[in-house]
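Numbering (my numbering), first residue to last: 153 to 299.
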């Protein structure tokens, strides 16, 4: 550096990006963890309850979120694979510096509900008896000139 030289130095601050992380969901059958479930749709919500994204599991039963700022998130299953029930409770996760990729295994039970048969042939006899009673009362009233 020369004597009496002017040295220009620029000092600036550049904001570093916020640290991020992500999560991976693996969707499996509750009785057979080797059976991967395709087509489950999850809704990702931030701590205020605002929807950030929707994720759908692939043929391997997996889905990986985009990079998310460190913090707490809620994951709700909004569509279960065909023949399976929705998760009853949402999943709460926290992405931290220590664990940048949360791995979550979700086990789903099959939908074994049997819907009762209503309005079947078992009610027909009651309709027939009811109509016959009404006509019987009407005949009795006409015969005895009550009406």
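Just so you know, even glycine gets a beta-carbon here, dropped at the ideal spot from N, CA and C.
query                                                                                                  : result
Spatial distance of residue 293 from residue 287 (CA atoms)                                            : 10 angstroms
Whole-angstrom C-beta distance between residue 204 and residue 247, which should lie under 8 angstroms : The Cβ separation is near 12 angstroms, so there is no contact.
Cβ contact (3+ pairs, closer than 8 angstroms) linking the segment 250–269 and the segment 162–182     : yes
N-terminal and C-terminal residue of the alpha helix (DSSP H) that residue 276 is part of              : 276–295
Beta-carbon gap between residue 207 and residue 172 smaller than 8 angstroms                           : no
Reference residue 197, options 258, 235, 228, 215, closest by Cα                                       : 228
Among 230, 225, 261, 238, the one whose alpha carbon lies nearest that of residue 200                  : 225
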